[in-house]
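Colleague:
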Amino acid sequence: MTRAERFPGTLPWSEERDAEGRRNIAVLLAYDGTGFLGFQRQAQTPTIQQVVEDGLERLLKHPVRITPAGRTDAGVHACGQVFNFRTGARIPTARVPAALNSVLPPTVVAQGAASVPPDFSARRSARGRVYYYLMAMAPYPSPFTRRFSWHYPWPLDVAAMNEAARALRGTHDFRSFCVDAAAQRSTVREVFWVRCRLRRDMLVTVVRANAFLRGMVRAIVGTLVDVGRGKLAPESVAGILAARDRAAAGAAAPPGGLCLARVDY
8 MTRAERFPGT LPWSEERDAE GRRNIAVLLA YDGTGFLGFQ RQAQTPTIQQ
58 VVEDGLERLL KHPVRITPAG RTDAGVHACG QVFNFRTGAR IPTARVPAAL
108 NSVLPPTVVA QGAASVPPDF SARRSARGRV YYYLMAMAPY PSPFTRRFSW
158 HYPWPLDVAA MNEAARALRG THDFRSFCVD AAAQRSTVRE VFWVRCRLRR
208 DMLVTVVRAN AFLRGMVRAI VGTLVDVGRG KLAPESVAGI LAARDRAAAG
258 AAAPPGGLCL ARVDY
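Yeah, the sequence shown ends on 272 if you go by the working numbering, and it's all consecutive.
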């Protein structure tokens, strides 16, 4: 497998060690978020961070703290999460994914690893992130997609949704699409694009931005669904942004349809 296939974008590779002789290793991670209370370690378990750090500590025989590119919420999935950690252990970088997978649950899978410069941070070094949201539009739910999509068997005006999405592009204050605005140093983000496409019975909404606020993508999807079903006019989205009030936007879409697809460096 090539470097590009493992890590989309331009991930800087380096065998340089820090002042303590430790390598900085980045790992590409996929997981089914069903049953996890999000990514970030907390008192209530299980979380993705908890199972990954516990697994690395079993392998490396020393405490490990990982830095993720994004902290996904409870029930949200990832096929392109990236995290980094530091270690002085002698395990070859190429062996990290297989070794880590041997101690992870089957719903969490390391898919690649790379040695990166000492100053690399999966979070701070990221230039952009891509999420997609799946809505199953078939009349009846499928047992094969129900964990990874929102079953929504009612008609939607996808053209109107894309018209509304244009107002979200660019640099804006996304306070109206954030569930914990008071906890954020800034609610300004740059959205590069938002696209809704119907592929057979699956409506796929893809959002790329420099970074995301907590609950931002699910609030965007919920608002676009309100446009698609005629509850909101496409031109109302600009006003929702300007309101800087979470109550102005639509209800959050369920977490199971959301997936962190890619992190760009």
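No residue lacks a Cβ here, since even glycine has one placed at the ideal position from N, Cα and C. Quick caveat: nothing in here was measured; it's all calculated off a predicted structure.
Decide if the region 121-138 is in contact with the region 259-267; the criterion is three or more beta carbon pairs, one per stretch, under 8 Å apart.
Modeller: yes
Colleague: For T230, which residues in the same chain have their Cβ closer than 8 Å to its Cβ, ignoring the five residues on either side in sequence?
Modeller: A171, F184, L239, V244, I247, A256 and G257
Colleague: Determine whether the beta carbon atoms of G45 and A101 lie at a separation below 7 Å.
Modeller: no
Colleague: Report the residue ranges of all beta strand (DSSP E) runs contained in full by the region 95-180; include only those spanning at least 3 residues, in chain order.
Modeller: 115-123, 135-143 and 177-180
Colleague: Ignore the nearest five residues each way along the sequence and tell me which others in L111's own chain have a CB closer than 8 Å to its CB.
Modeller: V58, V59, G62 and A117.
Colleague: I301 lies in the alpha helix (DSSP H); which residues open and close that run?
Modeller: Outside the modelled stretch of the chain, which goes from 8 to 272, sits residue 301, for which no answer is possible.
Colleague: In chain order, what residues of the same chain lie with their CB nearer than 7 Å to the CB of R154, ignoring the 5 residues before and after it?
Modeller: Result list for R154: D39, T41 and G263, in chain order.
Colleague: Please determine, among R131, R207 and R176, the residue with the shortest C-alpha to C-alpha distance to P286.
Modeller: The structure shown does not extend to residue 286, since the chain is modelled only from 8 through 272, so no value can be given for it.
Colleague: Could you have a look at F43 and say whether DSSP puts it in helix, strand or coil?
Modeller: coil
Colleague: Which partner residues does V211 have in the DSSP bridge list?
Modeller: L141 and R204
Colleague: Under the rule that 16 or more other beta-carbon atoms within 10 Å means buried, what is T212, buried or exposed?
Modeller: buried
Colleague: Please go through the same chain and pick out, in chain order, the residues whose beta-carbon is closer than 7 Å to the beta-carbon of M168, but skip the five residues on each side of it.
Modeller: C203, L231, V234 and G235
Colleague: One question on the structure: do T194 and R130 come within less than 7 Å of each other, judged by their Cβ atoms?
Modeller: no
Colleague: Below 8 Å CB to CB, which residues in the same chain sit around M209 once its five sequence neighbours on both sides are set aside?
Modeller: L141, M142, A143, M144, T152 and S156
Colleague: If we ignore side chains and look at the alpha-carbon of each, how far apart do R30 and S132 end up?
Modeller: 17 Å
Colleague: Taking all protein chains shown into account, do 16 or more other C-beta atoms lie within 10 angstroms of the C-beta of H179, making it buried, or fewer, making it exposed?
Modeller: buried
Colleague: Would you mind stating whether L205 and V165 have Cβ atoms separated by less than 7 Å?
Modeller: Yes, the Cβ-Cβ distance between L205 and V165 is below 7 Å.
Colleague: If we count the other Cβ atoms within 10 Å of its Cβ and call it buried at 16 or more, is S109 buried or exposed?
Modeller: exposed
Colleague: Helix, strand or coil: how does DSSP classify P75 here?
Modeller: strand
Colleague: Should H69 be labelled buried (16 or more other beta-carbon atoms within 10 Å of its own) or exposed?
Modeller: exposed
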